[in-house]
Each structure stands twice: as structure tokens, then as C-alpha cells.
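Engineer:
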Amino acid sequence: MTHVALAAVMVSGTALVGWWAVPALGLAYGVWRGSRATPLAASGAAAMGWGALMAFNWVVGPTSELSELLGSVLRVPAWVLPLVTLAFPALLAGTSAVV
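The number in my numbering is simply the position in the sequence shown, starting from 1, with 6 added.
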């Protein structure tokens, strides 16, 4: 239940403040919890939260077309970009939760 709540906080922080809310919230979570499993939990919650944002945008907007276009420009398969996008908040939250 804590992971879902943290994911909701990550989504809210991202929507209200921007991507840099993720490391700030990861740091706050790391200070609050202070256990060895905290970085993994923060990483998972951030990826889950941004995954929810991506799923919402996938339904509402032309995300698949954009992914295909950027993939062709960068010369990578289109499925790589969503994975990299999910890795970004996971790495930010996980590394900032290490206190």
C-alpha cells in the first residue's frame, strides 16, 4: 500500500512541479523510511507512477506515433524509448533515496 501511495505522490509531484520533484520526493522518502530497501521501493514507485502517466498519455495522445518517429530519428526501436523513460524516474528516485 505504501508503494501505491508513493507512486501517487510521485505522479502528483511530477504533474504539479515537474520531473525534478522525483529526486526531491525520493530523498524525502529515504529520510522518512531509512531502511535498506528504501531505494528499491522508491525506484519501483517512481517507475509505477510515471508508467501510469505514460499509460494515460498513450490513451489520450499520439504517444505511439511520437515514439516511432523519435525511434527512427535516433535509430533505435520504438519500444526502447518508453523503457528509457521509465528508467529515468526510477534511477532518480532510487539514487536520491540512498541516505
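The beta carbon of each residue, even a glycine, is placed where N, CA and C say it ideally should be.
Predicted model, so just to flag it, every value in this text is computed and none were measured.
How far does the alpha helix (DSSP H) with Trp64 in it extend, from its first residue to its last?
Structural biologist: First-last of the alpha helix (DSSP H) with Trp64: Thr44 to Val66.
Engineer: Would you kindly work out how many angstroms separate the C-alpha atoms of Met16 and Leu80, rounded to a whole number?
Structural biologist: If you take the alpha carbons of Met16 and Leu80, they lie about 28 Å apart.
Engineer: Rounding to the nearest angstrom, what Cα-Cα distance links Ser78 and Gly55 in this structure?
Structural biologist: Spanning the two alpha carbons is a distance of roughly 27 Å.
Engineer: Less than 7 Å between the beta carbons of Gly67 and Leu92, yes or no?
Structural biologist: Result no, Cβ atoms of Gly67 and Leu92 do not sit closer than 7 Å.
Engineer: If you reduce the DSSP assignment to three classes, tell me which class Thr38 lands in.
Structural biologist: Looking at the sequence shown, residue 38 is not Thr but Trp. Trp38 falls in the helix class under three-state DSSP.
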